[in-house]
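Since the structure comes first, as structure tokens, the remarks are kept for the end.
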Amino acid sequence: PINGLTLGKNENKLGITGTSICDLIFEECKIPKENLLGKLGEGFNIAMSILDAGRIGMAGQALGIALAA
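Position one of the sequence shown corresponds to residue 1 (my numbering), numbered consecutively onward.
Quick look at the structure:
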């Protein structure tokens, strides 16, 4: 556990039920430098690049389902 980090309510989804989605709530949370991913202040850009890659996969799944319908 990390002091100051709590997980929000698990969100119900219509699909991709094998993964969970919830808020990460940081309240006076201190993360050691050795645990930082990327550079300080670049977290949003990293998260967006990961989401972009996931969206390509989801688009491929949607296309496959549409072609099979």
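C-beta: ideal position from N, C-alpha, C; glycine also.
In the DSSP annotation of this structure, the continuous segment of the beta strand (DSSP E) that includes I25 starts and ends at L24 to F26.
The Cβ atoms of S20 and N12 lie no closer than 8 angstroms to each other.
Take L24, set aside five residues on each side of it, and the residues of its chain with a beta-carbon closer than 7 angstroms to its own are L5 and L7, in chain order. Assignment of beta-bridge partners to L5 by DSSP yields F26. Distance from the CA atom of M48 to the CA atom of A69, rounded to whole angstroms, is 31 angstroms.
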